[in-house]
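Numbering (our numbering), first residue to last: -8 to 178.
C-beta atoms are modelled at their ideal positions from N, C-alpha and C, and glycine is treated no differently.
To start, the structure itself, in structure tokens.
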């Protein structure tokens, strides 16, 4: 799970009404009117909070004739909490500085172009780290900006862009890219 999704999950849970809704739904499914009555809130307010809980996957709905029942998904809560506990525990890639420089030298030409994208995972991660170093952490980049940056190194910029996301050097949301701080990288 990407860091921004973990943050969104915790922001969503940081609301008293949403926690009360979860507490009520843990006992079983309820429809919006029942939630409204139990919490003393208007239906539009319940709808708003249910929408936020659905965005992070904690609530599912099922329609029975004209009534929509809401269900709490405990497994999603467990999964998100597990990811939170694991932040910062990623196994770092074990590579010496000398090994890293050798790999970079083998894959980058003297003019700084990437000659080929490594197939071996370890080498690919080192190369991606080198490329990510040229981007500013926590800055929001458009897809075009990231693509233009990567084009300077290799023609297959789309693969490089995708690999930066897969290996969590950056994350993507709504065609915007943000580079993670280097402390969160696996190298």
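Between residue 34 and residue 23, the C-beta gap is smaller than 7 Å, which places the two residues in contact. When DSSP states are grouped into helix, strand and coil, residue 158 belongs to the coil group. With distances taken between CA atoms, residue 44 lies nearest to -1 out of 53, -1, 57. Rounded to whole angstroms, the separation of the alpha carbons of residue 70 and residue 3 is 15 Å. It is roughly 14 Å from the alpha-carbon of residue 56 to the alpha-carbon of residue 21. In summary, residue 49 is buried, with 16 or more beta-carbon neighbours lying within 10 Å of its beta-carbon over all protein chains present. For residue 50, the enclosing beta strand (DSSP E) starts and ends at 50 to 55. Distance from residue 108 to residue 158 at the Cβ level is roughly 12 Å; contact not present, criterion being Cβ atoms closer than 8 Å. Ranked by how close their Cα comes to the Cα of residue -4, the residues 117, 75, 127 have 75 in first place. Ranked by Cα distance from residue 160, the options 53, 77, 115 are led by 115.
In this model, residue 111 and residue 59 are separated by some 50 Å (Cα to Cα). Rounded to whole angstroms, the gap between the alpha carbons of residue 167 and residue 133 is 5 Å. Along the segment 3 to 69, the beta strand (DSSP E) occurs as fully enclosed runs of 3 or more residues at 50 to 55, 58 to 63, listed in sequence order. Counting along the chain, no alpha helix (DSSP H) covers residue 173, and no H or E run does either.
In the displayed model, residue 71 falls within a helix according to three-state DSSP.
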